[in-house]
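Since the structure comes first, as structure tokens, the remarks are kept for the end.
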Amino acid sequence: MSRFRPAGLGFTRLFARSLRASVLCALLAGLVAPLAAQQPLQQTEDFRNRLSLGGPPAAAPLDPLTPATNSPLRPAYLAQWTSGTAHGAWATTRIFVSGQFAAGLDGAPGVSGPLVLPSFVPLDANGIALPGQGVRLQRAAFGRPVVSRSVAYSLGAEILPPEVDSAGAPVSSGFYLPQPANLAGNPFVYWSPHARKLYAIRPGFVTLEWRERASGQPYVLSYVVSSSPAKPERKLYWTENGYNGPPVNIPAGLVQEVKILFTENFPETVTVPERPWQLGVIDPAAAVKTYPTLYYQQGYIRAYNREGRIFVEYLGAARTDGTREQVGYDIINVIREVRPTALRTDIGDYLRPPAQPSDQPAPYAEVVAGLAGATLDASFLDERITQGGTVRRLYAIRETARANQVLVYWMERGDLGLLWPDDYADYQLAWPALDAPDAYSRYLRPDSDEDPEATAVALNLSNNPALVYQDDPSAQEVALLSGGRFVARLSGENPDARALLRHTVDGEVWYERVYSTLSSTVVSAEENVDIGTEIVSPVAGQTVGYIHAVRGDAYNVNTYVDPFVSGFEAAARSAIFGVNALAGKDRLEVWWYQCSDGPGTKFSPSYWPAVKGRYRLRWPASAQPIVLASNAGSDDLPSDQAAGRLYVQNDPLAPGFNPNEEHALQLGGRVWALRDDLNLATSSLPYLLLDYTGLGGRPAMRVFSIERGDFTYNAEAGKIVQAPMPLPLLPVPLVAGRTVNVEVGASADLPAGSAPSGDFARYGRFTFADRKGATWVYRGPHTGNIETSPPAFGMRFFYATQPGF
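Be aware that the sequence shown starts at 21, since it is given in my numbering, and climbs by one per residue.
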């Protein structure tokens, strides 16, 4: 007897053996190539059976390889294509041995009858086939697929009529009727009278009989339907009897009827439920109780008792012919349950589904556990509809203690806007790590015996702040007082606390985490800062500095704005500079308040004391020098600095003390200093400070050191002696109408024979002052070499005290 089995996609092996010792040989002649998905696999006019009388040598074949058109064997040869089995290979030949029928079709060619296979081959005493007796299959070649073929359609795909006729010629649209003739009882396909389309609803091998529209002639084709869905499948987890999958809501205004196409693989009911399910009995009075698997009830699709893929059609308004409008369909993958993905979310953040980029909006969530109704006291989540009602978010507002306290199905939106479960997550809600960047607004509370309310932080009331949660089990450490004042009642035993605030403005919500701690718990290293260099916050973001003047007050009073006097917004535009470094008064302590203003533009900022900075002031080692009497001063200043002003604060009892002991001036686009001999260790060192506004609009300072120089100037007889700059720009120093500038230290240069008195007494000097106070050189040298050792004299110049000196 002969047996056949598939051996892979696109080809088949033939196995043949006799019941006796002689072997029937089979040979596969070629591979079968897959054709278009809509066509059956064929190898036209390429069927070969070569049979001979048994025993060697092989005799000539009894029949030609391919029967002629008029041969009586031709009908049997053609019958092989529709036999449904490889036995068709034997249906081409009737074999006779000694006049007796031995194998083949037991009946006239082309007439239905039993198929007889060769039963024996006579052997001699040595087991050798007797010559001329029995039958031997020498060679077989065929192209008919036995089992395997390429996939024609996926599950849920629309099956279209053929595009060619039975001869392979292309045909026009509408050549075949859209509905095959053999649909009755066909479990693999569904003809929708509503859409007038044919759908593949079950995986497997399906044969369809298409009819030509004009002639009614049949054209039979076979297809393989795969289990892969033709469109994105929708997951549905079991919803009943202890399973928590969310049922899928079907909007009644859009869908009037839900048609579920049950199959042998996915029946409509079962007689034994997955678990005892008294509420699921369809008919309690029935002798045999049945239970539903997938069903539509009260606007929801529910599932239980079976897993697998199934085709569901959604129908809308009724038509006059009894059908309805098809509004859509889905391939639903019913799954028993899914293990939730364990995720962690920081308190104050909103929940996100697994593996979703943070820049994408979160899909709709179906909460299984974690919401406790209207009150937040027992809830782990706060549900908020934001952005004009378009975004629904679940905020983590309480710490979880174990798994399964917050369970959420994340839904994906399918056709018709239906929401199907996609991901399932179990959330651990916890406070973020204290060192996580930007995780908390930090409240550094002064460690003193003051009433905590005296150091409360005033929150912006326009944000409607509310205290939602704190990590103190007794809920006593943190409170929100009237007027939006946030207070932390801390102590050495409980030096810190965490709290969660909620702000709401115009329907938008912002959760703010606050970490409160005593200032004594924060050890900040003292930092050296050059005078004239802006002291900046050690933390990122917008900050405002408040000078806590317990360690010193040598700050620039022109650039600093006290946030508690003028407000934080004004203080944010100010700057802090050191201006002096007197012994015992060379330190500053700055409390940096960090701005917390929430997402978007609707929330107003609040400021929290976040960091305490400690600074030691010092004079810069590389300040630009101004050399006295050099005629250069500071050199020309840049435009922004030329528009500035000298920093002067002469009151030693007021903040920012630095007197103008250098008698500095700002004239002609430069700054000048007139002296350095008045500076004391108890006032300031000889430095000049310039206040200005930088090109970026921020306050700035520049520091110049004051140094002495030794200069020799040339003087020409008959001309005025020019005092070093900037004295010529100041009023002439007159006392009783006479100048107080005086020549000093002239060298001896008297003419020979002159007397030091009388008419020549003046010859001992080089200058005289006129009535207006100008000093003139009235003579040249009398002796000496003017090139190598010219005579010299000195001048002592004076200036009148100016405002600010």
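Note that beta-carbon positions come from the ideal geometry of N, C-alpha and C, so glycine has one too.
Element boundaries [alpha helix (DSSP H), containing A684] = From DSSP, A684 is part of no alpha helix (DSSP H); its letter is neither H nor E.
Which same chain residues, not among the five before or five after Q562, have their C-beta less than 6 Å away from its C-beta?
-> C615
Roughly how many angstroms lie between the CA atoms of N264 and E294, to the nearest whole one?
-> 15 Å
Touch test, the region 542-557 against the region 624-638, Cβ-Cβ under 8 Å, three pairs minimum | yes
Output the residue ranges of the beta strand (DSSP E) runs that lie fully inside the region 686-757 and measure 3 residues or longer, sorted by chain position.
-> 690-692, 707-713, 719-727
Just curious, the alpha helix (DSSP H) that E589 is in, first and last residue?
-> 588-591
Range covered by the beta strand (DSSP E) that runs through D550 | 546-550
Whole-angstrom distance between P744 and A652, CA atom to CA atom | 9 Å
Quick one: what does DSSP say N576 is sitting in, helix, strand or coil?
-> coil
Residue burial classification, L648 (beta-carbon count within 10 angstroms, cutoff 16) | buried
Going straight from the alpha carbon of F818 to that of T795, what length do you get?
-> 12 Å
With distances taken from CA atoms, which of P558, Y712, D582 is nearest I567?
-> D582
Can you name the start and end residues of the alpha helix (DSSP H) that A662 belongs to?
-> 659-662
Proximity winner among I740, E807, G618, relative to G793 (alpha-carbon distances) | I740
Following the continuous beta strand (DSSP E) through G328, name the residue where it begins and the one where it ends.
-> 328-338
Under a Cβ-count criterion, where at least 16 other Cβ atoms within 10 Å of its own Cβ denotes burial, should P252 be classed as buried or exposed?
-> exposed
Alpha carbon of Y712 to alpha carbon of Y667, nearest angstrom = 9 Å
Going straight from the alpha carbon of D606 to that of P746, what length do you get?
-> 32 Å
What residue range is occupied by the uninterrupted beta strand (DSSP E) comprising N353?
-> 344-355
Extent of the continuous beta strand (DSSP E) to which W430 belongs | 427-433
So the beta strand (DSSP E) I405 belongs to, where does it begin and stop?
-> 401-406
Would you kindly work out how many angstroms separate the C-alpha atoms of N670 and L608, rounded to a whole number?
-> 19 Å
Backbone CA spacing between N424 and A450 [nearest angstrom] | 14 Å
Quick one: Cα of R690 to Cα of G765, how far?
-> 32 Å
Report all residues from its chain with a CB closer than 8 Å to the CB of R505; omit the five preceding and five following residues, and keep chain order.
-> E473, A476, V477, A478, L479
Beta-carbon proximity check, Y219 vs A172, cutoff 7 Å | no
For F788, three-class secondary structure by DSSP = strand
Taking all protein chains shown into account, do 16 or more other C-beta atoms lie within 10 angstroms of the C-beta of Y733, making it buried, or fewer, making it exposed?
-> exposed
Is the number of C-beta pairs between the region 229-249 and the region 427-441 that are closer than 8 Å three or more?
-> no
Among D491, G205, M721, nearest to I596 - alpha-carbon criterion | M721
Specify the secondary structure class of P76 as computed by DSSP and reduced to three states.
-> Note that P76 scores a pLDDT of 43, beneath 50, so its modelled location is shaky; the value from the coordinates is reported in the next line. Residue state, collapsed to three classes: coil.
Would you give the residue range spanned by the beta strand (DSSP E) that S246 belongs to?
-> 238-249
Is there a Cβ from chain C that is less than 7 Å from the Cβ of P304?
-> Within the model displayed, chain C is absent; a lone protein chain is all it includes.
With DSSP as the reference, label A474 as helix, strand or coil.
-> helix
Please classify G319: is it buried, with 16 or more other beta-carbons within 10 angstroms of its beta-carbon, or exposed?
-> exposed
Mark G664 as exposed unless 16 or more other C-beta atoms lie within 10 angstroms of its C-beta, in which case mark it buried.
-> buried
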